[in-house]
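If you're matching positions, the sequence shown starts at 8 in the numbering used here and goes up one per residue.
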Amino acid sequence: PAGAESQVLARWDFSGGLGPTSTATGISANSVSVVGANPIYPPVYTGNPSPAAEARAWLGGRDNGRYYTFRVTNNLTVAVPVTRIRMDLRNESPGIGPTGFAVMSSADNYASDVASGSLDWSTRAWVNVNAKMNTVLQPGQALEFRVTGWGANSIPPQGGHLIMDNVVVLGGATDSDGDGLTDAWEIGYGRYQLIRGDLTWTQAKAAAVALGGHLGTITSSSEYDQIGLVVGPNPGGAQAWWIGASDAQIEGSWQWVTGEVWSYQSWYPGEPNNGAISNGNEDYAHIYNVNWRLWNDAADEVNSGNTIGYLFEFGYPTDPTKADTDGDGVNDKAETLAGTDPNSAGHASPADHPNGGQSAGDI
């Protein structure tokens, strides 16, 4: 409609701490978990404690077009996958009220949205809500909630709130071993991300390297547990995500793209079967099914086995209690910056030696 505008609404500020209801900071939280050594704030439980936490950021209207943000302060790191939104639009009319929303992150200077949706005016409900990625904010960064298609004469929403699942508040400045990496980073927060795209395994591998990381590798059950906590439930449902494993070089000999030791696997029963469907050409692994515990082998094809993207990983998991996890005389941060594996002395980056010393194109 004429005069429609895009607005950034509300503010999420942790500087005052978390409470059951905090109107001063515009936050109310349900089962927000706080992890890490010596967290700044204690856990807050306003409902039944659950790993699937929920934080509600209340919207206060357009406020003459001023930009409001969800901001992180006081050395906190916040993981906030946005999955759904609710707004009470009883005072709005079709053609005047908002038609869509987007949640943007300052992590990439608000260049892309981490969640979006549109409004079905027949039911006055948000539909097509799409949580695109897990978002980890560092101190001083922010989320912006943007409403689009808002008519110039519309009435501010009454009692609307944004709902974020799996909210994890970390003591972001804690560095127990003094290696220059926060405990949160070492155990996985900020290092994993799901990236959607219609890509072959080979294309996904190249895309991950171009982003400065690699296809996700899962070398232990504890790392898999951490990935599950950071990334959350599989948002693709029965669909799948490429991971950095292949037996393209020697059939049946599975290897990680990073050259890390193959000591852990979590295949779906009967897998890998090398192509009951693909005529013996399934040389690449993806996370399969709905529970983040099962893998399947698939062909190097777009949408192979309903693959809808890939698990991206930056760096390596390290021990937050040891400054030099592999004991090679170089601390974990120095190895991370150099692109070498802090868990294995002399192990270079996946871009240089992606499979035990082979070239980047070999696997």
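We put the CB at the ideal spot given by N, CA and C, even for glycine. Note that the structure is a prediction, hence the values are computed from the model and not measured.
inquiry  = According to DSSP, is Trp302 part of a helix, a strand, or is it coil?
reply    = In the sequence shown, the residue the question calls residue 302 occupies position 295. Strand at Trp302.
inquiry  = DSSP three-state label for Tyr231, please.
reply    = The count along the sequence shown starts at 1 and reaches residue 231 at position 224. Looking at Tyr231 - three-state DSSP - the assignment turns out to be helix.
key: Residue environment, Pro324, which counts as buried when at least 16 other CB atoms sit within 10 Å   = Here residue 324 corresponds to residue number 317 of the sequence shown, with the count starting at 1. Looking at its Cβ environment, which holds 16 or more other Cβ atoms inside 10 Å, Pro324 is buried.
ask   = Are Asn375 and Asp304 touching if we call contact CB-CB under 8 Å?
value = With the chain represented from 8 up to 370, any question about residue 375 goes unanswered, as that position is not in the structure.
request  = Name, in chain order, the residues that DSSP records as bridge partners for Leu201.
outcome  = Residue 201 sits at position 194 when you count from the first residue of the sequence shown. Leu318, per the DSSP bridge assignment.
message = Short of 6 Å in beta carbon distance, which residues of its chain neighbour Ile234, apart from the five on each side in sequence? Order them along the chain.
response = Taking the sequence shown and counting its residues from 1, one reaches residue 234 at position 227. Same-chain partners within the cutoff: Tyr199.
ask   = Buried or exposed: which applies to Gln256, given that a residue is buried once 16 or more other Cβ atoms fall within 10 Å of its Cβ?
value = Here residue 256 refers to the residue found at position 249 when the sequence shown is read from its first residue. Answer is exposed; the Cβ neighbour count stays below 16.
query = Three-state secondary structure (DSSP) at Leu188?
reply = Numbered from 1 along the sequence shown, position 181 holds the residue referred to as residue 188. Coil, per DSSP.
Reference Gly204, options Glu278, Ala215, Gly277, closest by Cα = Translated into the one-based positions of the sequence shown, residue 204 becomes position 197. Looking at the Cα atoms, Ala215 is the closest of the given residues.
ask   = Ordered along the chain, which non-local residues of its own chain (more than five positions away) have a Cβ less than 6 Å from that of Thr224?
value = To locate residue 224, count along the sequence shown from 1; it is residue 217. Same-chain partners within the cutoff: Gly251, Trp263, Thr265, Glu267.
message = Let me make sure I understand the geometry here. Which of Ala292, Gln246, Ala341 has the alpha-carbon closest to that of Glu258?
response = Here residue 258 refers to the residue found at position 251 of the sequence shown. Checking every option, the nearest Cα to that of Glu258 belongs to Ala292.
key: Which of helix, strand or coil DSSP assigns to Val42   = To locate residue 42, count along the sequence shown from 1; it is residue 35. Because Val42 sits at a pLDDT of 30, beneath the cut-off of 50, its placement in the model cannot be relied upon, and the point is left open.
request  = Please look up how many angstroms separate the CB atoms of Trp248 and Ile194, rounded, as I've assumed it's under 8 Å.
outcome  = On the sequence shown, position 241 is the one that residue 248 refers to. On the sequence shown, position 187 is the one that residue 194 refers to. About 21 Å separates the two Cβ atoms, so there is no contact after all.
message = Taking 7 Å as the limit between beta carbons, can you name the residues of its chain near Asp333, skipping five residues before and five after?
response = One-based indexing of the sequence shown puts residue 333 at position 326. Around Asp333: Pro349, Asn350, Ser351, Ala352.
query = So the beta strand (DSSP E) Trp249 belongs to, where does it begin and stop?
reply = The residue labelled residue 249 in the question sits at position 242 within the sequence shown. Segment 247 to 253, the beta strand (DSSP E) holding Trp249.
ask   = Under the rule that 16 or more other beta-carbon atoms within 10 Å means buried, what is Ala330, buried or exposed?
value = Taking the first residue of the sequence shown as 1, we reach residue 330 at position 323. Flag for Ala330 reads buried.
query = Hey, how far is the Cα of Ala341 from the Cα of Gly220?
reply = Within the sequence shown, numbered from 1, the residue matching residue 341 stands at position 334. Within the sequence shown, numbered from 1, the residue matching residue 220 stands at position 213. Rounded to the nearest angstrom, the two C-alpha atoms are 16 Å apart.
task = Can you grab the Cα-Cα spacing for the pair Ser228 / Tyr271, in whole Å?
result = On the sequence shown, position 221 is the one that residue 228 refers to. On the sequence shown, position 264 is the one that residue 271 refers to. If you take the alpha carbons of Ser228 and Tyr271, they lie about 7 Å apart.
task = Measure from the alpha carbon of Trp274 to the alpha carbon of each residue in Gly185, Asp307, Tyr231, then state which is nearest.
result = Residue mapping note: residue 274 aligns to position 267 of the sequence shown, counting from 1. If we check each option's Cα against that of Trp274, Tyr231 comes out closest.
key: Beta bridge counterpart(s) of Ile225 as assigned by DSSP   = Along the sequence shown, read from residue 1 onward, the residue named residue 225 stands at position 218. DSSP lists no partner for Ile225.
inquiry  = Please list the terminal residues of the continuous beta strand (DSSP E) segment that includes Ala292.
reply    = Within the sequence shown, residue 292 is the residue found at index 285, counting from 1. Note, Ala292: beta strand (DSSP E), 291 to 295.
query = Which one of Asn288, Thr226, Leu218 has the shortest CA to CA distance from Phe321?
reply = Within the sequence shown, residue 321 is the residue found at index 314, counting from 1. That would be Leu218, whose Cα lies nearest to the Cα of Phe321.
key: Whole-angstrom C-beta distance between Trp208 and Asp335, which should lie under 8 Å   = Residue 335 sits at position 328 when you count from the first residue of the sequence shown. Residue 208 sits at position 201 when you count from the first residue of the sequence shown. That belief does not hold up - the Cβ atoms of Asp335 and Trp208 are roughly 32 Å apart, past 8 Å.
ask   = Quick one: what's Gln262 bridged to in DSSP?
value = The residue you call residue 262 lines up with position 255 of the sequence shown. DSSP, once it has assigned bridges, lists Ser253 as partnering Gln262.
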